[in-house]
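Quick note on numbering: this note's numbering labels position 76 of the first sequence as 77, and the sequence is numbered without any gaps.
By construction, the Cβ of each residue, glycine as well, lies at the ideal position given by its N, Cα and C atoms.
Here the structure is a predicted model, which is why all the values come from computation and not from measurement.
Comments concern the structure below.
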Amino acid sequence: MDLYWGSVVTPMGGALLVGSRQGIQRLWFEDTAQGVTLAGCQRADGRAQAVFASLMSEPATTVEQFDVQGTAFQRQVWQALLEIPLGMTTTYQVIADAIDRPKAVRAVANAIGANPIAYFIPCHRVVRSDGGLGGYRWGVERKRAILDWERDRVSRAA
DNA sequence: AGCCACTCGTAAA
DNA sequence: TTTACGAGTGGCT
Numbered sequence: 002m003d004l005y006w007g008s009v010v011t012p013m014g015g016a017l018l019v020g021s022r023q024g025i026q027r028l029w030f031e032d033t034a035q036g037v038t039l040a041g042c043q044r045a046d047g048r049a050q051a052v053f054a055s056l057m058s059e060p061a062t063t064v065e066q067f068d069v070q071g072t073a074f075q076r077q078v079w080q081a082l083l084e085i086p087l088g089m090t091t092t093y094q095v096i097a098d099a100i101d102r103p104k105a106v107r108a109v110a111n112a113i114g115a116n117p118i119a120y121f122i123p124c125h126r127v128v129r130s131d132g133g134l135g136g137y138r139w140g141v142e143r144k145r146a147i148l149d150w151e152r153d154r155v156s157r158a159a
C-alpha cells in the first residue's frame, strides 16, 4: 500500500496529511480529524511537509494530481472546485451549472462536503446564492478565516 | 428509506 | 424590507 502520513502546519492551523506515491489522499484539520484512520500508514513528517509546501506554492489544477477516491460525480464536482481562482468565491448553483447538472445543486453541496482534501480542493470558496456563507465541515468560522486570509494574500500580491 | 454545506417562490410581519 | 416555510431536487449510504 505504501501510505504515509504526517502533520503539517497550515495558515489556519495544524492538519493531518495522508498520501501515497500517487498523491495526497486526505488533508484534515487536526481539531476535527476524529475518524481519520492511520492504520498501515508510515509516519513521514518530512515528506508530508514537502508535499504540502509544494502545493502551497503551486496549486493543483486537476484531481488527477491527488490520489483521491470518489464517485464520478464527486470527482467532477471536485474538479470544478479546482478551477475557482485564489481569493474568489462562487456558488453551489454555479458549480452545478458548470458540470451541466443545474438541478442537482443539493447533490453538489453533498459532494463538496465530502471533499477529502481540505484547502487544496478549495471547497471553502463556495458560498450560497443568497449571499450566505453556507456550511463548512471544519466550521464556518474557519471558512470565513480562510477566505479572509486568501483575499488578503491576493491584495498584497497586487 | 432518509439524509443533506441548496434554491426559489410565496406569504406573512 | 426581512424572515420563514414548503417543495423540488438528486447523489449517496
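*asked:* According to DSSP, is Trp29 part of a helix, a strand, or is it coil?
replied: Per DSSP, reduced to three states, the secondary structure at Trp29 is strand.
*Do the segment 20-29 and the segment 108-118 meet, that is, are 3 or more Cβ pairs less than 8 Å apart?*
Pairwise C-beta distances place the segment 20-29 in contact with the segment 108-118, as three or more of them are shorter than 8 Å.
*Tell me, please, whether the segment 137-156 touches the segment 9-20 by the rule of three or more beta-carbon pairs shorter than 8 Å.*
When C-beta atoms of the segment 137-156 are compared with those of the segment 9-20, three or more pairs fall below 8 Å, so the two segments count as touching.
*Proximal residues to Val64 (C-beta, below 6 Å), its chain only, five neighbours per side dropped*: Closer than 6 Å at the Cβ level, and outside the excluded window around Val64, lie Arg76, Trp79, Gln80.
*Drop a sphere of 10 angstroms on the beta-carbon of Gly20, count the other beta-carbons inside from all chains shown, and report buried for 16 or more, exposed for fewer.*
Sixteen is the threshold: when 16 or more other Cβ atoms of the shown chains lie within 10 Å of the Cβ of Gly20, as they do, the residue is buried.
*Taking C-alpha atoms, which residue in Met57, Val69, Leu56, Thr33 lies nearest to Leu4?*
Here the closest residue by C-alpha is Val69.
*Gly114, enclosing alpha helix (DSSP H) - first and last residue*: Where Gly114 is concerned, the enclosing alpha helix (DSSP H) stretches over 106-114.
*asked:* Just to confirm the assignment: which complete beta strand (DSSP E) runs, minimum length 3, are found wholly within the segment 41-103?
replied: Listed in chain order, the complete beta strand (DSSP E) runs (minimum 3 residues) inside the segment 41-103 are 42-44.
*For Ile147, which of helix, strand or coil comes out of DSSP?*
The answer is helix: DSSP assigns Ile147 an H, G or I state.
_Sequence-distant residues of the same chain with beta carbon closer than 8 Å to Val109, five excluded per side_ = Same-chain partners within the cutoff: Val78, Tyr93, Ile96, Ala97, Ile100, Arg102.
*CB-CB under 8 Å to Gln134, same chain, minus the five flanking residues each way: which ones, in chain order?*
One point to set straight first is that residue 134 is Leu, not Gln, in the sequence displayed. Val128, Val141, Lys144, Arg145, listed in sequence order.
*Kindly identify the DSSP beta-bridge partner or partners of Gly20.*
The beta-bridge partner set that DSSP reports for Gly20 consists of Tyr5, Ile25.
*Per DSSP, Thr11 forms a beta bridge with which residues?*
DSSP output for Thr11 lists Gly14 as bridge partner(s).
_Please identify the residue among Arg138, Ala61, Gly7, Met57 whose C-alpha is closest to the C-alpha of Cys42._
It is Gly7.
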